[in-house]
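> Handing you this structure, nothing more for now.
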Amino acid sequence: MIDNLDEIDPNSVGAILYRPKDDVDRLLADFAQDIAQQGVRIGGIVQRNSRCANGTHVMLAIDVATGQEISISQPLGSGAMSCNLDTNGLAKAAAVVSQALRNEIDLLVINKFAKQEAAGRGLRAEFVGAITQGVPVLTAVPKKCLAQWRTFTAGVGTLLPCDRQSLEQWWCDISTRVARSGAFSPSCGYLATTIPDRRQ
Numbered sequence: 133m134i135d136n137l138d139e140i141d142p143n144s145v146g147a148i149l150y151r152p153k154d155d156v157d158r159l160l161a162d163f164a165q166d167i168a169q170q171g172v173r174i175g176g177i178v179q180r181n182s183r184c185a186n187g188t189h190v191m192l193a194i195d196v197a198t199g200q201e202i203s204i205s206q207p208l209g210s211g212a213m214s215c216n217l218d219t220n221g222l223a224k225a226a227a228v229v230s231q232a233l234r235n236e237i238d239l240l241v242i243n244k245f246a247k248q249e250a251a252g253r254g255l256r257a258e259f260v261g262a263i264t265q266g267v268p269v270l271t272a273v274p275k276k277c278l279a280q281w282r283t284f285t286a287g288v289g290t291l292l293p294c295d296r297q298s299l300e301q302w303w304c305d306i307s308t309r310v311a312r313s314g315a316f317s318p319s320c321g322y323l324a325t326t327i328p329d330r331r332q
């Protein structure tokens, strides 16, 4: 559990609420890349799903700071069309997030709070570390895990629709708050003018 929730800016935790049909992985990845190109110090991971030549699905965690790809899935067996989470890959992804927290970053992205985190596994400890430190956190939460997310955060945080405009507005608000503390100087104007919406 998170012990110091009463000391945390509730708006500094952004959670994109999404449904199965939403391409939340692309939304997060594109947004992270775009604000990094504007000089925002960003760390953490996003997710990319792909399909191998044999038809199996592969899940990759991408380090947003370096572009390093980490496989976080393993096939179930010969002929399987789905996969299980790879514990070694998850450990490597967790290490990327932990390293980002040791650096001076403006925003931490963790691809999602899903059933693994809801059950106390996955990257749950990294979520606790980031929120406890007061680092602005952006993640995605599937609708089916919303109740567990609310329990985990005790209702702290901002739920965001799965769209670019809401994401940009949240970050503009948060970056302005962070700037007041002297961490960095944001420019919210670029959000509407120079960051492309890759869905178009």
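Under the working numbering, residues 133 to 332 are what the sequence shown spells out, in order. Glycine included, every Cβ here is placed at the ideal spot set by N, Cα and C.
From K224, A147, K247, Q206, pick the residue whose C-alpha is nearest to that of R183; which is it?
By one-based count along the sequence shown, residue 183 stands at place 51. The shortest Cα separation from R183 among K224, A147, K247, Q206 belongs to Q206.
> Is the beta carbon of L233 sitting closer than 8 Å to the one on A262?
By 1-based counting over the sequence shown, the position of residue 233 is 101. By 1-based counting over the sequence shown, the position of residue 262 is 130. Yes, they are a contact pair.
> By how many angstroms is the C-alpha of N216 removed from the C-alpha of L299?
For the purposes of this step, residue 299 is taken as residue 167 along the sequence shown, with counting starting at 1. For the purposes of this step, residue 216 is taken as residue 84 along the sequence shown, with counting starting at 1. Their Cα atoms are separated by approximately 30 Å.
> Assuming N220 is part of the alpha helix (DSSP H), what are its boundary residues?
For this step, residue 220 is matched to residue 88 along the sequence shown. Here the alpha helix (DSSP H) through N220 covers 219 to 234.
> I'd like the list of long-range same chain contacts for F259, defined as Cβ closer than 8 Å, with 5 residues on each side in sequence excluded.
What you label residue 259 is simply residue 127 of the sequence shown in a count that begins at 1. So the qualifying residues of the chain are I242, F245, E249, V269, T271, F284.
> Can you have a look at P293 and say buried or exposed, based on whether 16 or more other CB atoms are within 10 angstroms of its CB?
Walking along the sequence shown from the start, residue 293 turns up at place 161. By the neighbour-count rule (16 or more Cβ atoms within 10 Å), P293 is not buried but exposed.
> Going by DSSP, name the residue or residues bridged to S203.
Mapped onto the sequence shown, residue 203 falls at position 71. S203 pairs with L192.
> Under a three-way DSSP split, which group does A212 fall into?
Sequence index remark: in the sequence shown, residue 212 carries index 80 (1-based). Here A212 scores only 49 on pLDDT, less than 50, and its place in the model is too uncertain to base an answer on.
> In angstroms with no decimal places, state the Cα-to-Cα distance between K276 and R253.
What you label residue 276 is simply residue 144 of the sequence shown in a count that begins at 1. What you label residue 253 is simply residue 121 of the sequence shown in a count that begins at 1. Near 17 Å, if we compare the C-alpha coordinates of R253 and K276.
> Taking L291 and A147 to be in contact with their CB atoms under 8 Å, please state how far apart those CB atoms are, rounded to whole angstroms.
Walking along the sequence shown from the start, residue 291 turns up at place 159. Walking along the sequence shown from the start, residue 147 turns up at place 15. L291 to A147, Cβ: 6 Å. Contact.
> Using alpha carbons as the reference points, say which of N220, M191, A225 lies closest to T198.
Taking the sequence shown and counting its residues from 1, one reaches residue 198 at position 66. If we check each option's Cα against that of T198, A225 comes out closest.
> Hey, quick one: how far does the beta strand (DSSP E) through I237 stretch, first residue to last?
As a working note, residue 237 is residue 105 in the sequence shown. It is not in any beta strand (DSSP E) - I237 carries neither H nor E in the DSSP assignment.
> Roughly how many angstroms separate the alpha carbons of R296 and G175, rounded to a whole number?
Along the sequence shown, read from residue 1 onward, the residue named residue 296 stands at position 164. Along the sequence shown, read from residue 1 onward, the residue named residue 175 stands at position 43. Taking the straight line joining both Cα atoms gives about 19 Å.
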